[in-house]
Amino acid sequence: MPSNKKELVPVASLLPFLLITFGLAWGILAFFIFLPESASRIFGNLTGRHPLFFLCVYSPAIAAFVIVAWYSGYKGIKRFLFRILLWRCSAGWYVFLIIIIPVVFYIGAAIKGTLFKSLFPFDSMQTFFPALLFSVIKGPIEEFGWRGLALPLLQRKFAPVWAGLILGAVWGVWHFPAFLLSGTQQSNWSFAPFFTGCMAISIIATALFNDSKGSILIAAFFHFMLMNPIFPEADPYDTYLLVIIALLLIWFKRKVMFTKETSVVEVIPST
């Protein structure tokens, strides 16, 4: 086991993390893609609310907890979980999360012409609250893996901008099988804009993660806001706006985005 606290979870653990993350998610989805009749007969039709789809979504988090437990045991898990209690970051980021992100979706919807068609895209509150709950307990859980483990490890080797781009590319590719399955949200989207959006979102998430001193809570909240079901349909214009925001962020924060000096590199906090 590495003696340096920073290296308690070594960079080499990225490989098993990716093997578990991709192996679990892609393995399940491959069964439904290549043997759809058998898979549906055994498990039922795969939708975004199917338990196996949740297992796919949770694969980065599962991989992260396996890696942390392997290297540091129960105490390491407790310290790792402490990062969901971190909530402090600059006020500007909270303005971005609470105000700017909704504005992105509403502007995107206005450009697309769907703003007034989907101001409240639900028939009733009874359908809204389950959708809201699923948005909270699904995608944001990924952040235990992507930002909680993978990003700090990448930032030991790369400046934040490059670590963010690498992770964004991996994150985008990880989603690809979902685009091949009917019944999933991704099956209605084009992959290229989605992949570009993953890169932009990853850049923004990297800057936010470092400013918050490694908060998984804030990273998860960012993820949730991007999936908030109350926002109108704005694809692909929301993606274009997020790309612009990411480029502006790289320019205005270039002193920290191109240096590792302020990067969060610990997977398990030392205190």
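Our numbering puts the first residue of the sequence shown at 23, with every later residue one more than the last.
Virtual Cβ for every residue (Gly too), placed ideally from N, Cα, C.
Keep in mind it's a predicted model, so treat the numbers as computed, not measured.
Of the listed residues the options, nearest to residue i (C-alpha basis)
i      : options                           : result
Gly45  : Phe127, His197, Leu263 and Ser112 : His197
Ala132 : Thr69, Phe180, Tyr259 and Glu283  : Tyr259
Arg105 : Tyr128, Gly49, Gly170 and Ser62   : Gly170
Leu51  : Leu155, Phe76, Pro254 and Ala200  : Ala200
Leu74  : Trp48, Ser94 and Phe118           : Trp48
Leu202 : Ser35, Glu283, Ala113 and Thr69   : Thr69
Thr20  : Lys134, Phe56, Trp273 and Ala86   : Residue numbering for the chain in the displayed model covers 23 to 293; residue 20 lies beyond these limits and cannot be assessed.
Ser146 : Val117, Leu57, Pro251 and Trp273  : Pro251
Glu288 : Lys160, Leu103 and Leu264         : Leu103
Ile163 : Glu59, Ala222, Phe76 and Lys282   : Phe76
Ala34  : Tyr93, Pro152 and Val192          : Tyr93
Three-state class that DSSP yields for residue i in the structure shown
i      : result
His13  : The chain is shown from 23 up to 293; residue 13 falls before or after that span and cannot be answered.
Asn67  : coil
Met23  : In this predicted model, Met23 has a pLDDT of only 43, less than 50, meaning its place in the structure is not dependable; the value taken from the coordinates is given anyway. Coil.
Ile290 : coil
Leu137 : coil
Lys277 : helix
Arg169 : helix
Phe150 : helix
Phe180 : coil
Ser35  : helix
Glu164 : helix
Pro143 : coil
Leu30  : coil
7 Å CB neighbourhood of residue i in its chain, flanking five on each side removed
i      : result
Val88  : Ile42
Pro24  : Confidence at Pro24 is low in this model, with a pLDDT of 48, below 50, so its placement is unreliable and no value can be given for it.
Phe280 : Ala181 and Val183
Pro58  : none
Ala85  : Phe39, Ile42, Thr43 and Gly167
Leu294 : It is not possible to answer for residue 294, since the shown part of the chain is limited to 23 through 293.
Thr284 : Asn232 and Val278
Cβ neighbours of residue i in the same chain (closer than 8 Å, five flanking residues each side left out)
i      : result
Val286 : Leu173, Pro174, Gln177, Phe231, Asn232, Lys235 and Gly236
Leu239 : Arg105, Ile106, Leu107, Leu108 and Trp109
Ala91  : Gly98 and Ile99
Asp257 : Gly130, Lys134, Trp211 and Pro215
6 Å Cβ shell around residue i - same chain, five flanking residues per side excluded
i      : result
Gly186 : Ser224, Ile225 and Thr228
Gly194 : Phe217 and Cys220
8 Å Cβ cutoff, residue i in contact with chain B
i     : result
Val79 : Protein chain content of the structure displayed is limited to a single chain, and chain B is not contained in it.
Practice item. Could you pull out every unbroken alpha helix (DSSP H) segment of at least 4 residues lying fully inside the stretch 213-267, listed in chain order? Key: 213-233 and 238-249
query: At what residue ranges does the stretch 65-116 contain a whole run of the alpha helix (DSSP H), taking only runs of 4 or more?
result: 73-79 and 81-103
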